[in-house]
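Presented below is the structure to which this report refers.
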Amino acid sequence: MERSRREAEIYRAAARVFRRKGLQQTRLQDVADELGVPRGALYYYVASRDDLVRAVVETPLRRLLAQAREIVSSNDAPAAKLARLIAQHLQSLAAEHESWLLLQCEGREALQEVLAIDLQALLRQYETCWSEVVAEGIEQGVFVATTEPDVAARACLGLVQGVYCWQRLTGEEDPEAVAAWLTPLVLQSLQGAGRSVSASLNT
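With our numbering as the guide, the letters of the sequence shown map in order to residues 14 to 216.
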């Protein structure tokens, strides 16, 4: 427990430094300075700067993808699945905020140079989870097919991410509070007129 807590602190500090200085300009010493510890203390947790980049970016994405796949494979109604995806994404944005900012601001090409995975492929897999839920809702008549499922899914995902970033700027960043009003808004955009959100959650 203590090790995992310390690792989380190191990853958050590394994400802040990466975002502030850039990947190429950041050294392990910079992360150690951010934490107020000797550089040697970091080697108990990571072997190199690139290890830190992978931990900061790849680990949260893999965790989010695994959770999304679990939601997609559940027996929940499509609207309920989408509500869970929204809540999960907001929770990740709150818990891993610095990592998400790094992913958005650093540039995927720079990140890809040090990642052992195909970042674009991982992000596409995550988007696919959302589009599968939208497609399922359209097939069941719960959602209205005004565009392709993948386009609608990206729009929903972009709305969730954009709104949460704006809420942070205004100081209203509690993910559960944001989900409470944002989820009905997203669902209504997919359902069209004449259908209640509460009814679709159980359909």
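Glycine included, C-beta positions come from ideal geometry on N, C-alpha and C. Nothing here was measured: the structure is a model prediction, and the numbers come from that model.
| Query | Result |
| --- | --- |
| Span separating the alpha-carbon of Val70 from that of Ser112 | 6 Å |
| Straight-line Cα distance separating Pro188 from Gln104 | 6 Å |
| Residue from Leu200, Val155 and Arg62 with nearest C-alpha to Ala168 | Leu200 |
| Residue from Glu109, Leu198, Ala158 and Ser202 with nearest C-alpha to Thr72 | Glu109 |
| Exposed unless 16 or more other CB atoms sit within 10 angstroms - verdict on Pro51 | exposed |
| Closest residue to Leu98 among Tyr177, Gly49, Ile84 and Ser17 (Cα-Cα distance) | Ile84 |
| Member of Leu115, Ser144, Leu41 and Leu114 whose CA lies at the smallest distance from the CA of Ser61 | Leu41 |
| Proximity of Leu65 and Ala27 at Cβ, strictly below 7 Å | yes |
| Environment of Arg32 [buried if 16+ CB atoms lie within 10 Å] | buried |
| Classification of Ala148 by the beta-carbon crowding that lies within 10 angstroms, buried from 16 upward | buried |
| CA-to-CA distance, Val157 to Tyr139, given in whole angstroms | 22 Å |
| Contact belief for Pro91 with Gly150 at Cβ below 8 Å, rounded distance in angstroms | 3 Å |
| Where Arg32 sits in the DSSP three-state scheme | helix |
| Close Cβ partners of Ala134 (< 7 Å) along its chain, the five nearest in sequence each way excluded | none |
| Within the segment 48-121, ranges of the alpha helix (DSSP H) (whole runs, at least 4 residues) | 62-66, 72-85, 91-108 and 110-118 |
| Gly175 in three-state terms, based on DSSP | helix |
| Where the alpha helix (DSSP H) containing Glu140 begins and where it ends | Leu132 to Glu152 |
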